[in-house]
Amino acid sequence: MNNHKKQKSGQSGSMPLSGHLRELRNRLAVCMGTLVAAFLVALYFSPDLIEFLTNMGTVYGYEFVYIAPQELLMQQFSIALIAGVCICLPVILYHIWAFIQPGLKTNENSLFLAAIISGLICFVIGILFAYRVMLPFMLKFLIDISSGSGITASISVKEYLSFLLTIFLVFGIIFEMPVVSVLLTQMGLLKVEWMKKGFRPAIIVIFFVAAVVTPPDIISQTMVALPMILLYQLSILLSSLLLRFRRKKRVQADSEEDAETDSEAD
1 MNNHKKQKSG QSGSMPLSGH LRELRNRLAV CMGTLVAAFL VALYFSPDLI
51 EFLTNMGTVY GYEFVYIAPQ ELLMQQFSIA LIAGVCICLP VILYHIWAFI
101 QPGLKTNENS LFLAAIISGL ICFVIGILFA YRVMLPFMLK FLIDISSGSG
151 ITASISVKEY LSFLLTIFLV FGIIFEMPVV SVLLTQMGLL KVEWMKKGFR
201 PAIIVIFFVA AVVTPPDIIS QTMVALPMIL LYQLSILLSS LLLRFRRKKR
251 VQADSEEDAE TDSEAD
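Structure, rendered in structure tokens:
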């Protein structure tokens, strides 16, 4: 009888709890090993990474100091850890997908995989936008404010790197707006009609967010707000197109099912 139960369990493809825990442990071990290896590689190049980031400021006249004996060393470890996470993030996301993939339906699996890939792409685009457009403007604006004060800008390396990483993170998250919107609409948690009706209030919220993350001038706030407004419109467009495609596919499936039913009846 026990053999019969085992065969039945194997045929259904189910896995006992101990098997899931073992698989989870193995995947966590792979992710941790990858993270440690990526951290060590990034730690070797961390002085070059810090020099690359500080060169963005020295171009505009910033002078950098560290005000604690261990500050520069700790920043090297911090940058190495962040770089290590970025390097092994595709591996981590793959193992998350591989772990939950057997429990997903075909359409859910495709949606989740597309969300991971497009989310990574949008996050990278957001970081590149911050690096190429926003940070040069913001750094120049902030140094120009103090140009006539007679005070030399000697910036702590810790505070400068924290500022840069915050801007990178903010814009990486902002550029996730289309992915999150499409994902929520496909799951039925968000409606396109709500997004269209909430467009004007969303503009107010967007400018408030832009005022928080940028220097206090209208130009930099507008430079942040405009991409966010365009991303909001893109979110509405993509969500509408995918919902229309989904409805069309459902109608085709229903018509094919009706045709099969009629043929069987005949």
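Following the working numbering, the numbering of the sequence shown begins with 1 at its first residue and continues without gaps. Backbone N, C-alpha and C fix where the C-beta goes; we use that ideal spot for every residue, glycine too.
Exclusion of the five residues before and after Ile155 leaves Tyr62 and Phe64 as the residues of its chain whose Cβ lies within less than 6 Å of its Cβ. Under DSSP, the beta-bridge partners assigned to Phe64 are Ile155. DSSP places Met228 within a helical segment (H, G or I) once states are collapsed to three. Look at Gly172 here: in three-state DSSP terms it is helix. Collapsing the DSSP output to three states places Met223 in a helix.
In the structure shown, the three-state DSSP call for Leu190 is coil. DSSP, reduced to helix, strand and coil, places Val209 within a helical segment of the structure shown.
No Cβ-Cβ contact shorter than 9 Å links Tyr232 with Met187. Per DSSP, reduced to three states, the secondary structure at Leu53 is helical. Per DSSP, reduced to three states, the secondary structure at Gln233 is helical.
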